[in-house]
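According to the numbering used here, the sequence shown is numbered sequentially starting from 6.
Worksheet: the structure to be examined is printed underneath.
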Amino acid sequence: MALRLEPTGAVGAELRGIDLRHIDEQTFESIRRAWIDHSVLLFRDQTLSNDELVDFSRRFGSLDRAPEQENGRCCVEGYPEIYVISNVLRDGVPIGSLGAGEAVWHVDMSFLVEPPMASMLYAIEIPPTGGDTSFCNMYTALETLAPELRQRLHGMGLKHDATYNSGGFVRKGVQPTDDPRKSPGTVHPVIARHPESGRELLYLGRRRNAWLVGLDLPESEALLDAIWAHVEHRPDLSWTHHWRVGDLILWDNRCTMHRRDAFSASARRVMHRTQIKGKPVLVA
Numbered sequence: 006m007a008l009r010l011e012p013t014g015a016v017g018a019e020l021r022g023i024d025l026r027h028i029d030e031q032t033f034e035s036i037r038r039a040w041i042d043h044s045v046l047l048f049r050d051q052t053l054s055n056d057e058l059v060d061f062s063r064r065f066g067s068l069d070r071a072p073e074q075e076n077g078r079c080c081v082e083g084y085p086e087i088y089v090i091s092n093v094l095r096d097g098v099p100i101g102s103l104g105a106g107e108a109v110w111h112v113d114m115s116f117l118v119e120p121p122m123a124s125m126l127y128a129i130e131i132p133p134t135g136g137d138t139s140f141c142n143m144y145t146a147l148e149t150l151a152p153e154l155r156q157r158l159h160g161m162g163l164k165h166d167a168t169y170n171s172g173g174f175v176r177k178g179v180q181p182t183d184d185p186r187k188s189p190g191t192v193h194p195v196i197a198r199h200p201e202s203g204r205e206l207l208y209l210g211r212r213r214n215a216w217l218v219g220l221d222l223p224e225s226e227a228l229l230d231a232i233w234a235h236v237e238h239r240p241d242l243s244w245t246h247h248w249r250v251g252d253l254i255l256w257d258n259r260c261t262m263h264r265r266d267a268f269s270a271s272a273r274r275v276m277h278r279t280q281i282k283g284k285p286v287l288v289a
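So this is what it looks like as structure tokens:
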């Protein structure tokens, strides 16, 4: 079947008229190609069971197990691959992670040696306002970076911190520190190459506790501030999605970042996430 594809803005595209429960192999290959080309794909009006979400996710590759959340929970019962992102309380305990606050710009699990190559987020309950998710095009972020800044970053490694998640919560079992030279984490190339598109991109992870390896901390902080000012203050790099129940978004974790707006703690937001296993980040 021919895909009905509508670009969403600076990054991403909406694929219309597709029921992800019933797609043949040819249609799936077209979806995968569109994902590589557009980095973020939106599918509206899906009605997926947990099994169907896992089945569709597995067509892209092996799945990561859901990470342990800051409250000690990890997944949907019986589905170790499905991570719950929610502010809803059950018997006084959150059923998921990240609460109702802002989730800052980040790459999922970039503190791992092999970060996931892709994430899927499926909307089950949505607040009336807030909780929108924005995506940043890291190909364009690199292409629009000042040439002298790009040259300076060439060949440098960036340490991605494992202390805090994108909601600012300390990860379970981690002793917090705000010295990025001492914090747990992994070093990745700050300018990387996408293994499938072959394009170069800026690979930042998240700002907090990041460190450009080999630089004194004040010099690293100043250089990172300059890079992040470029990324955060250019609206032509990002697209914001306003969620509806039944939306599923698939994004390429290798060439995008994302963030979430805060929303009222009295509202309910329940999302299910899966992640496809990745490989080490490639040096450009």
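Ideal Cβ positions, reconstructed from N, Cα and C, are used throughout, including at glycine.
Just so it is clear, the structure is predicted and the values come from calculations on it, not from any experiment.
Sort the options by Cα distance to residue i and report the nearest one.
| i | options | result |
| --- | --- | --- |
| Pro185 | Gly173, His165, Ser62 and Ser44 | His165 |
| Ile84 | Val286, Leu287, Val288 and Arg278 | A small fix is needed here, since residue 84 is Tyr in this sequence, not Ile. Cα-wise, what sits closest to Tyr84 is Arg278. |
| Ile41 | Ala18, Leu58 and Asn55 | Ala18 |
| Ser269 | Ala215, Thr145, Gly172 and Gly135 | Gly135 |
| Met276 | Ala215, Glu153 and Val81 | Val81 |
| Arg213 | Thr138, Ser102 and Gly172 | Gly172 |
With 16 as the cutoff for other CB atoms within 10 Å, does residue i come out buried or exposed?
| i | result |
| --- | --- |
| Arg70 | exposed |
| Pro12 | exposed |
| Ala151 | exposed |
| His159 | exposed |
| Gln347 | Outside the modelled stretch of the chain, which goes from 6 to 289, sits residue 347, for which no answer is possible. |
| Pro223 | exposed |
| Asp113 | buried |
| Glu205 | buried |
| Arg249 | exposed |
Which same chain residues, not among the five before or five after residue i, have their C-beta less than 6 angstroms away from its C-beta?
| i | result |
| --- | --- |
| Gly251 | Asp50 and Gln51 |
| Glu57 | Arg26 |
| Leu229 | Ala215 |
Might you give, ordered along the chain, the residues of its own chain that have their beta carbon closer than 8 angstroms to the beta carbon of residue i, omitting 5 neighbours on each side?
| i | result |
| --- | --- |
| Val118 | Thr191 and Pro285 |
| Leu68 | Val59, Ser62, Glu86, Thr279, Gln280, Ile281 and Lys282 |
Ends of the beta strand (DSSP E) at residue i?
| i | result |
| --- | --- |
| Val59 | From DSSP, Val59 is part of no beta strand (DSSP E) but of the alpha helix (DSSP H) over Asn55 to Arg63. |
| Pro152 | Premise fails: Pro152 lies in the alpha helix (DSSP H), Pro152 to Leu158, not in any beta strand (DSSP E). |
| Met114 | No beta strand (DSSP E) holds Met114; DSSP gives it neither H nor E. |
| Trp244 | Ser243 to His246 |
Would you mind giving the Cβ-Cβ distance between residue i and residue j, rounded to the nearest angstrom? I have them listed as a contact below 8 angstroms.
| i | j | result |
| --- | --- | --- |
| Ser115 | His199 | Between His199 and Ser115 the Cβ distance is about 15 angstroms, and since that is not below 8 angstroms, they are no contact. |
| Asn55 | Arg274 | The Cβ separation is near 18 angstroms, so there is no contact. |
| Thr261 | Asn170 | Not confirmed; about 18 angstroms, so no contact. |
Output the boundary residues of the alpha helix (DSSP H) element that contains residue i.
| i | result |
| --- | --- |
| Leu255 | Counting along the chain, Leu255 falls outside any alpha helix (DSSP H), though it belongs to the beta strand (DSSP E) covering Leu253 to Asp257. |
| Pro194 | Note, Pro194: premise wrong, no alpha helix (DSSP H); beta strand (DSSP E) at Gly190 to Pro194. |
| Leu229 | Leu222 to Glu237 |
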